[in-house]
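Asker: The opening residue of the sequence shown carries number 60 in this note's numbering; numbering runs sequentially from there.
Glycine residues also receive a C-beta, built at the ideal position from the N, C-alpha and C atoms.
Keep in mind that this is a model prediction, so the values were computed, not measured.
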Amino acid sequence: MTLRRILFGSILALSLTTGSALAQQTNYSEYDRLTRKYVNAQGLVDYKGLKSELPALKTFIDQISAVSPESHPQLFADGGEQLRFWMTAYNAWVLHIAASEYPSKSALWNFVGLFRNRSIKLGGRASSLEELEHKIIRAKYKEPRIHFYINCAAYSCPPLWQGAIPHGKTWDVLNQSAKRFINDPRNVKFDPATKKLQLSKIFDWFKDDFLTYLKEKQGIAQPHIAQYLVMYLDESARSALEKTPTGEISISYFSYNKSLNEQK
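1. Measuring only the C-alpha atoms, how far is LYS323 from GLU275?
2. Whole angstroms are fine: how far does the CA of GLY139 sit from the CA of LYS228?
3. Could you check the C-alpha separation between VAL126 and TYR149 for me, to the nearest Å?
4. Indicate whether TYR25 and SER236 have their beta-carbon atoms separated by less than 7 Å.
5. Find out if the Cβ-Cβ distance for the pair LYS201, SER124 is shorter than 7 Å.
6. Just the C-alpha distance for SER111 and LEU93, rounded to the nearest angstrom, thanks.
7. How would you write the range of the beta strand (DSSP E) that ALA185 sits in, first residue to last?
8. Hey, would you say LYS238 sits closer than 7 Å to TYR291, going by beta carbons?
9. In or out: GLN83 buried (at least 16 other Cβ within 10 Å) or exposed?
10. Please name the residue, chosen from PRO218, SER163, ARG177, that lies closest to ALA100 on a Cα-to-Cα basis.
11. By a C-beta neighbour count over all protein chains shown, 10 Å radius and 16 as the cutoff for buried, is ASN86 buried or exposed?
12. Using a threshold of 7 Å, state whether the C-beta atoms of ASP121 and ALA223 are closer than that.
13. By DSSP's criteria, LYS248 is part of a beta bridge. Which residues make up the other side?
14. Could you give the DSSP three-state label for TYR312: helix, strand or coil?
15. Spell out the partners DSSP gives VAL98 in its beta bridges.
16. Can you tell which of HIS226, PHE262, LEU142 has its C-alpha closest to the C-alpha of ALA314?
17. Roughly how far, in whole angstroms, is the beta-carbon of SER187 from the beta-carbon of ARG177, given that I think they are within contact range, below 8 Å?
Pasting the structure below:
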C-alpha cells in the first residue's frame, strides 16, 4: 500500500509538472495583427473582413481559454501584465462574438444578451463577460482607466485600439486611452460660460470607480468628477474647468449609441 501511494504521488507530481511546463506565456501576435488589419484609426471594426479570419482569431481565443493569471500566475510577472491579459481577453471575446454573428446585430449589445447570457472560457474555466469586467478587472485592480480601453462593440464605447498592448506598457497605454477618450468632445464637453459639463454615460455608470480613485489615491476628501477629468484634459480645456468651482458645475450626460461599432 505504501509503495502504491508513493507511485501514485510520483505520477501525480509528474503530471502537474508536465502540465505547468506545457503552459506558455500568452502570444498576442495574432490579436495584434488582426486588430491592426481590421480596426481603423477611429477604433471602428471591419467585421466582414474579421469574420473571414475567424479561425485566426480563434487561435488567440483558444490561448486565453486555456491559460490566465488565475490558472497560471507564474506566467504573469506583475499586475500590469495581468491586467494586460484581462483587458485584451475582454476585447478579444467581444470581437469574436460580434464577428461570429455578423451581419446579425440583434443581440450584440444589451444587458440581457451579450453581457449576461454569453458563456466564455478563461484559464480553463467557464466565465462571462460580466464576471470578467466587474468581478475581475474592476474589482481586483481598481483602475478606472480601464473604462477607456475595454470595448463592448457599441459605437459609444471607447474606441478599440489597433494592435495589442506591448509588453510592459500597460500603464502607458491606459494613460493614452484616458487622454484619447477624455479629450474627445463626444465624451467630455465643458462650456465655461454656462458652467455646463456634458459627459459620456460611462462617467455616470461607473462614477464610483472614478470618485473612489480620487479619494483613495489622490487624497481628495470630497471628490468631484471634474477633478478626475483635469488629470487628462489638454491645457485649454483643463484650465477652464480647473478655474470653475466644482459646486457651480452642472452635469448632464450624452445619449449612448448602442449601434455596432462597425466601419461603414
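Answerer: Looking at the coordinates:
1. The alpha-carbon separation between LYS323 and GLU275 amounts to approximately 43 Å.
2. Distance from the CA of LYS228 to the CA of GLY139, rounded to the nearest whole angstrom, comes to 8 Å.
3. Straight-line Cα distance between these residues: approximately 14 Å.
4. Because residue 25 is not part of the residues shown, which for the chain are 60 to 323, the question remains open.
5. Against a cut-off of 7 Å, the Cβ pair of SER124 and LYS201 comes out as no contact.
6. Cα to Cα, SER111 sits roughly 11 Å from LEU93.
7. Taken as a continuous stretch (DSSP letters only), the beta strand (DSSP E) holding ALA185 covers 184-187.
8. Going by C-beta atoms, LYS238 is nearer than 7 Å to TYR291.
9. Classification of GLN83: exposed, given that the 10 Å Cβ count is below 16.
10. Closest in C-alpha terms to ALA100, from the list PRO218, SER163, ARG177, comes PRO218.
11. By the C-beta density criterion, ASN86 is exposed, having fewer than 16 other C-beta atoms within 10 angstroms.
12. No, they are not a contact pair.
13. Partner(s): GLN257.
14. For TYR312, the secondary structure class from DSSP, reduced to helix, strand or coil, is strand.
15. The partner list for VAL98 (beta bridge, DSSP) reads VAL104.
16. According to the sequence displayed, residue 314 carries Ser and not Ala. Measuring from the Cα of SER314, the nearest candidate turns out to be PHE262.
17. Yes, SER187 and ARG177 are in contact; Cβ-Cβ is about 6 Å, under 8 Å.
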